[in-house]
């Protein structure tokens, strides 16, 4: 039986992993073959129970619409979800996600995508005055929680997640990513330690245009989860990655923090360092810790976080997982292993190992601001 | 009524002197606050009926000649009619009074902390070595905004716009529980003040006002306002780091207090601002707080009087409906809620209350934290858990259940020599803790015991760091409320549900 959702009797899913990210700051597009080659070098960092990719800039023709990728276990789930979608969204286009038969991916759910926007006169307007983004978030959570056999795994604009159970290079072939073009890519190779593979559990984990690939275990998961629940996030997947995505969503989209400040919440500087800063900075960082202490991600992690404005790669506050970065012209590469970068960029301009808690932030140049965004990036 | 010439109540303990060892130095006579010992011409003799097993005499006997044993004379065993029932009946039939004692309940209720186990890292996440890596225990108590607000300076860098509500900064998540001058001696308070200052934590005046000698320790003191309003004036409110309104106490929820006139000497009368030798009676309720809206008025009266510069804490006993009550208190404007479980200590309380009223702190805390999160107001107030925190393990578990910090009272007194004899109410404490008799008080050296308190809290803090490291986190805020790191053993489904934790193995 295929598994879309985490129905195992565990509090949460734990895994070790390999990851990789590529961004071109001038939005020059490249095909998925590059990142496939890079992540395949990290083959041994996974065990074939999860691989996936996020790509940005791949849906140029539908850039203003929310692109929902949904996996279905059966067709009755599809019809009931579609009834919800039709009632609440204007669907401009829908189609089966292109896949190719490969010898490696034998069993898979039914994969469908929808390009759509929330209706202006949708029924929930009677009860709320949610913005489009908030409504999309609510819809994603509703479907993932309440619709058996259906799982939304991508919901952003001009971006998409492609993931499943298998090694990432096989997943790339399955989704024919060699033919897909984008100006930012992230990839993940998964090594789950306490559950068999499940399609929904593969990375990247996405919400709106946030995508996360993550290697690590969040030892503070318990409190991070309870903190998010206070803000009405529904943590149905029970994965660390889900927690990270929602914390970014809360901090950046809801509380208006910049990416830089958000990273200072996730990997907060130690008080012993804060105390040495000048007064203004000390005040700010102390307040961040006081207010967002429950959002501190504690424990080993390396993450690559993509969003419409760029990419962030970072480690936990004492660097307990590997992360290497490199630049070559307008390209920036990050990966768990330098070998992965060198596989596609043999002699980069610069290679370095980011320090604990210090993010690598790459933003696109000449950014076209998106409507309805609260963050100035 | 004819006065009975004998009492049914037999000595609980026997003070036995080994006369072959005894050198008749008479230190025991001097040390015993209860008058157990006297000199019978050629040897020490003991009046067993006065012995409370406080341990002072044998601790200070240079010849090891004293042993205190439980009186082996039995009251015929009966599973239903236990010793304490029978003795209370005798006592009450002889006196017609309420049976009163000090410290917490002696009943053996289930201790939930002892049924909770902690998690540790293996393979998938590394544990962290606290000897080599920073391990943060710093804790801020007070209201936190739910989100940060920012401004930007000329360089476009973010600066803090939010005006942070006042906070108490603790270097380690412990505070000393409220124990008033009157219920304990000034020297005992001084020992805690010295330790609190050295540790970067706080002590609490209790409801007895602030003695002049403690004023220099203001930054490490929470001043309390209780129903008797003893020693409360404007300068008092402003002399500490925070103000606490005491509504209730775990050992005696719903009832007041009574410090008898004979304990009100000159110093206490000055500090409490009451006439010399008068009884200091704390009414059961605050007579200006008959409901939640009245509490709100007092909270804001105190905030006005302190120019909104001090966090206001509200201390309550853990009772059945505690979660809803705390939610109300948070909404009434309190910055800190201090919850005292039913095993908490006291200077004096009727046994009927102490042994039968209230609920365990573990259950109360778990429910309060959950309720505040459900209502989305957990950030509005910090939680202090109290009610017999016996070890750093209890503290870790309380914090993981949702407390910001824990308060220790009885443990601090044990540091000073207390053997938990439960006779605080008599004022004869041989250790100089719960007494105002000058010859007893002066034997408690604040500097000596201040250092021992410092040692205890330092040791417990190191132990917490070890646990955090084993769990793979390096900051106390990653443990706070992280119930996923707790598992229950020997608990029913109902108990697990209330605690919000899973059974071990799951």
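Residue numbers (our numbering), protein chains in the order written: chain F, 14 to 390; chain X, 77 to 582.
Think of the CB as a built atom: it goes at the ideal place given N, C-alpha and C, for glycine as much as any other residue.
To which residues of the same chain is residue i closer than 6 Å at the C-beta, ignoring the five residues directly before and after it?
i	result
residue 386 of chain F	Its pLDDT being 33, under 50, residue 386 of chain F is placed unreliably by the model, and nothing is read from it.
residue 526 of chain X	267, 270, 271
residue 368 of chain X	404, 408
residue 46 of chain F	191
Sort out for me which residues DSSP pairs residue i with in a bridge.
i	result
residue 517 of chain X	In the DSSP output, where bridge partners are listed per residue, residue 517 of chain X has none listed.
residue 228 of chain X	X/234
residue 586 of chain X	Here chain X comprises residues numbered 77 to 582, so residue 586 of chain X is not present and cannot be evaluated.
residue 123 of chain F	F/85
residue 300 of chain X	X/320
residue 442 of chain X	According to DSSP, residue 442 of chain X bridges with nothing at all.
residue 206 of chain X	None; residue 206 of chain X has no bridge partner.
residue 389 of chain X	X/320, X/412
residue 212 of chain X	X/551
residue 337 of chain F	F/348
Have a look at residue i and residue j and give me their C-alpha separation to the nearest angstrom.
i	j	result
residue 227 of chain X	residue 129 of chain F	36 Å
residue 205 of chain F	residue 232 of chain F	16 Å
residue 430 of chain X	residue 280 of chain F	46 Å
residue 43 of chain F	residue 218 of chain F	22 Å
residue 221 of chain X	residue 116 of chain F	55 Å
residue 64 of chain F	residue 34 of chain F	14 Å
residue 257 of chain X	residue 287 of chain F	38 Å
residue 420 of chain X	residue 564 of chain X	23 Å
residue 23 of chain X	residue 511 of chain X	No answer is possible for residue 23 of chain X: the residues shown for chain X start at 77 and end at 582.
residue 536 of chain X	residue 145 of chain F	51 Å
residue 153 of chain X	residue 182 of chain X	19 Å
residue 102 of chain X	residue 118 of chain X	11 Å
residue 485 of chain X	residue 493 of chain X	13 Å
residue 295 of chain F	residue 248 of chain F	33 Å
residue 133 of chain X	residue 513 of chain X	17 Å
residue 361 of chain X	residue 327 of chain X	15 Å
residue 253 of chain X	residue 142 of chain X	34 Å
residue 502 of chain X	residue 140 of chain X	27 Å
residue 476 of chain X	residue 274 of chain F	27 Å
Counting only the same chain and skipping the five closest in sequence on each side, list residues whose C-beta sits under 8 Å from that of residue i.
i	result
residue 301 of chain X	283, 308, 313, 319, 320, 321, 322, 374, 378
residue 541 of chain X	206, 211, 213
residue 358 of chain F	339, 341, 344, 346
residue 324 of chain X	330, 391, 392, 393, 395, 416
Going by the beta-carbon positions, is the gap between residue i and residue j smaller than 8 Å?
i	j	result
residue 144 of chain X	residue 120 of chain X	no
residue 488 of chain X	residue 529 of chain X	yes
residue 182 of chain F	residue 53 of chain F	yes
residue 436 of chain X	residue 267 of chain X	no
residue 80 of chain F	residue 170 of chain F	yes
residue 69 of chain F	residue 259 of chain F	no
residue 215 of chain X	residue 246 of chain X	yes
residue 278 of chain X	residue 224 of chain X	no
residue 168 of chain X	residue 387 of chain X	no
residue 497 of chain X	residue 122 of chain X	no
residue 438 of chain X	residue 185 of chain X	no
residue 306 of chain X	residue 350 of chain X	yes
residue 135 of chain F	residue 101 of chain F	yes
residue 214 of chain F	residue 118 of chain F	no
residue 58 of chain X	residue 112 of chain X	For residue 58 of chain X there is no data in the structure shown, the boundaries of chain X being 77 and 582.
Cutting at 7 Å between CB atoms, please list the residues of its own chain near residue i, excluding the five before and the five after it.
i	result
residue 334 of chain F	228, 229, 313, 314, 315, 328
residue 363 of chain F	339, 340
residue 383 of chain F	Low per-residue confidence applies at residue 383 of chain F: pLDDT is 36, beneath 50, and the placement is therefore not dependable enough to give any value.
residue 96 of chain X	none
residue 197 of chain X	203, 546, 547, 548
residue 375 of chain F	36, 38, 323, 324, 345
Quick one: does the C-beta of residue i sit closer than 7 Å to a heavy atom of the ligand NAP?
i	result
residue 185 of chain F	As for the ligand NAP, it is missing from this structure, which has no ligand bound.
Interface positions of the segment 63 to 77 of chain F facing chain X (Cβ-Cβ less than 7 Å), listed along the chain: When C-beta distances to chain X are compared with 7 Å, every residue of the segment 63 to 77 of chain F stays at or above that value.
Interfacial residues, the segment 299 to 325 of chain F to chain X, with Cβ spacing under 7 Å: 300, 301, 303, 304, 306, 307, 309, 311, 312, 313
Proximal residues, the segment 239 to 262 of chain X versus chain F, C-beta separation under 8 Å: 240, 243
Under 7 Å (Cβ pairs) to chain X, residues found in the segment 222 to 237 of chain F: 230, 232, 233, 234, 235, 236
Chain-ordered residues of the segment 542 to 567 of chain X with a beta carbon less than 7 Å from chain F: 547, 548, 549, 550, 551, 553, 554, 556, 557, 558, 559, 560, 561
Chain X contacts made by the segment 276 to 299 of chain F, where a contact means CB separation under 7 Å: Correct list: 283, 284, 285, 293, 296, 297.
Cβ-based contacts, 7 Å cut-off: residues of the segment 242 to 257 of chain F near chain X: 242, 243
Members of the segment 328 to 358 of chain F that neighbour chain X once the beta carbon cut-off is set at 8 Å: 330, 331, 333
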